[in-house]
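**Q** Numbering (this note's numbering), first residue to last: 9 to 308.
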Ligand SMILES: C[S@@+](CC[C@H](N)C(=O)[O-])C[C@H]1O[C@@H](n2cnc3c(N)ncnc32)[C@H](O)[C@@H]1O
């Protein structure tokens, strides 16, 4: 089950985490446009049912509801679910959305529907233990309609790493570490962070929850296939660009504006590295944020 430390962390920091995670609209459009088009196309079924697992403030499900799907969201963070409901009201989504406060590990995954046409899990599994991930995949698979689609986006730990690839990536990894360190140190030294981020950081917020860890890709594949899901595609999206964008968001608005253009070349660098080195060869020290598309067998 989620550790007490993990639960406390979400209760304390869910708001700043959600703000940092959602980025600004401009940053989001630079590094998430490809990714958002990908899941939107894969999961959309006119009039279908949609389940968002670990939905946070519900921003993904809202888009599907606005296009006519019936959306349920599940999360254990009441404060985020309140925001999800408020945002849905502001967008006039009415009864096309419903939210359920449940622990993905201990509670039943009960929403409004017996089965769902589409399920998305966006950056949630890496907060769970390997055993919990396996159990959750099995429960989600059981909730998927035959032929239904699942889209997973998580930091994955690929296994293979050759010395040549390590040499190719080392200069970029080093540069990125320096960049992130500089933002952190200069931000603190010169008071460059937004006040609520500065306060959260004083209370120990780092942007990483206590139980967070990348998921070994082989484990996830085994779990999906073992639950009658066929993997249609694995696609890498972010190696460095998301971390850079998320650290910029903490800064004061003028600085965010000023530094936003920097994120485009970092996203370009990610794309290039995936091609040049092969994302599956990044090695388990470097998590790669990937999507996995899987479909449930029609017999199931
Ligand atoms: C990084 S956030 C992602 C939120 C959302 N999927 C998104 O993309 O904006 C991870 C989410 O998982 C939720 N979460 C983590 N562990 C959970 C658990 N055991 N049960 C329910 N929700 C959990 C957190 O509350 C948080 O909303």
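Cβ coordinates follow ideal geometry from the N, Cα and C atoms, glycine included.
Note that the structure is a prediction, hence the values are computed from the model and not measured.
1. Excluding sequence positions up to five away, which residues of its chain have a Cβ less than 8 Å from the Cβ of residue 250?
2. Where does residue 294 sit, in a helix, a strand or coil, going by DSSP?
3. Straight-line CA distance for residue 94 to residue 281?
4. Quick check on the DSSP output: the beta strand (DSSP E) that includes residue 79 runs from which residue to which?
5. Return yes when the Cβ of residue 66 is within less than 8 Å of the Cβ of residue 92, no when it is not.
6. Ordered along the chain, which non-local residues of its own chain (more than five positions away) have a Cβ less than 6 Å from that of residue 13?
7. Once you ignore the five residues that flank residue 72 on each side, which residues in its own chain have a CB closer than 6 Å to its CB?
8. Grouping DSSP H, G and I as helix and E and B as strand, with all else coil, what is residue 247?
9. Identify every residue that forms a DSSP beta bridge with residue 209.
10. Taking 7 Å as the cut-off, does the CB of residue 17 come closer than this to any heavy atom belonging to ligand 1?
11. Can you name the start and end residues of the alpha helix (DSSP H) that residue 36 belongs to?
12. Considering only residues of the same chain and omitting the five flanking positions on each side of residue 22, which have a CB-CB separation below 6 Å?
13. Is residue 250 near ligand 1, with its Cβ less than 7 Å from a heavy atom?
14. For residue 59, which residues does DSSP report across the bridge?
15. Ligand 1 and residue 62: does any heavy atom of the ligand fall closer than 7 Å to the residue's C-beta?
16. In the DSSP output, what is residue 374 paired with across the bridge?
17. Is DSSP giving residue 188 helix, strand or coil here?
18. Using only the alpha-carbon positions, how far apart do residue 132 and residue 220 sit?
19. From residue 45 to residue 114, what distance separates their C-alpha atoms?
20. Report whether the distance from the Cβ of residue 287 to the nearest heavy atom of ligand 1 is below 7 Å.
21. What is the C-beta distance between residue 6 and residue 138, in whole angstroms, given that I count them as a contact (C-beta under 8 Å)?
22. Report whether the distance from the Cβ of residue 87 to the nearest heavy atom of ligand 1 is below 7 Å.
23. Taking 7 Å as the line, does the beta carbon of residue 105 fall inside it for any heavy atom of ligand 1?
24. Using a Cβ-Cβ cut-off of 7 Å (strictly less than) and excluding sequence neighbours within five positions of residue 173, which residues of its own chain qualify?
25. Could you say if the segment 25–35 and the segment 253–264 meet the contact criterion of at least three C-beta pairs nearer than 8 Å?
26. Given 8 Å as the limit, is there contact between the segment 49–57 and the segment 147–165, that is, 3 or more CB pairs closer than that?
27. Is the separation between the beta-carbon of residue 235 and that of residue 145 shorter than 8 Å?
28. By the DSSP assignment, the beta strand (DSSP E) with residue 165 in it spans what residues?
29. Could you tell me the distance, in whole angstroms, from the CA atom of residue 125 to the CA atom of residue 50?
30. Could you tell me which residues DSSP puts in a beta bridge with residue 145?
**A** Put simply:
1. If you ignore the 5 residues before and after residue 250, its C-beta comes within less than 8 Å of the C-beta of 39, 297, all in its own chain and listed in chain order.
2. Coil.
3. Cα to Cα, residue 94 sits roughly 40 Å from residue 281.
4. Looking at the DSSP string, the run of the beta strand (DSSP E) that includes residue 79 is 78–83.
5. The answer is yes: Cβ separation under 8 Å.
6. Take residue 13, set aside five residues on each side of it, and the residues of its chain with a beta-carbon closer than 6 Å to its own are 218, in chain order.
7. Excluding residues within five positions, the ones whose Cβ falls inside 6 Å are 58, 79.
8. Three-state result, residue 247: coil.
9. Its beta-bridge partners do not exist; DSSP assigns none.
10. Not under cutoff, so the answer is no.
11. Where residue 36 is concerned, the enclosing alpha helix (DSSP H) stretches over 33–51.
12. So the list reads 85, 87, 88, once near-sequence residues are dropped.
13. Every heavy atom of ligand 1 is 7 Å or more from the Cβ of residue 250, so no.
14. As computed with DSSP, residue 59 is found in a beta bridge with 80, 127.
15. Yes; taking the cut-off as 7 Å, the Cβ of residue 62 has a heavy atom of ligand 1 nearer than that.
16. Shown here, the chain extends from 9 to 308; a query on residue 374 therefore has no answer.
17. DSSP places residue 188 within a helical segment (H, G or I) once states are collapsed to three.
18. Each residue's alpha carbon lies about 9 Å from the other.
19. When only Cα atoms are considered, residue 45 and residue 114 end up about 33 Å apart.
20. Incorrect: residue 287 has no Cβ contact closer than 7 Å to ligand 1.
21. Summary: the structure shown does not reach residue 6, with the chain confined to residues 9 through 308, and so no result is reported for it.
22. No, ligand 1 has no heavy atom inside 7 Å of this Cβ.
23. Result no, Cβ not under 7 Å from ligand 1.
24. The residues 285, 289, in chain order, have a CB closer than 7 Å to that of residue 173 in the same chain once the five nearest residues on each side in sequence are set aside.
25. Under the three-pair Cβ rule at 8 Å, the segment 25–35 counts as touching the segment 253–264.
26. The segment 49–57, when compared against the segment 147–165, does touch it at the 8 Å Cβ threshold.
27. Closer than 8 Å, so yes.
28. Going by DSSP, residue 165 is part of the beta strand (DSSP E) stretching over 152–165.
29. Approximately 11 Å, taken between the alpha carbons.
30. Residue pairing from DSSP leaves residue 145 without any beta-bridge partner.
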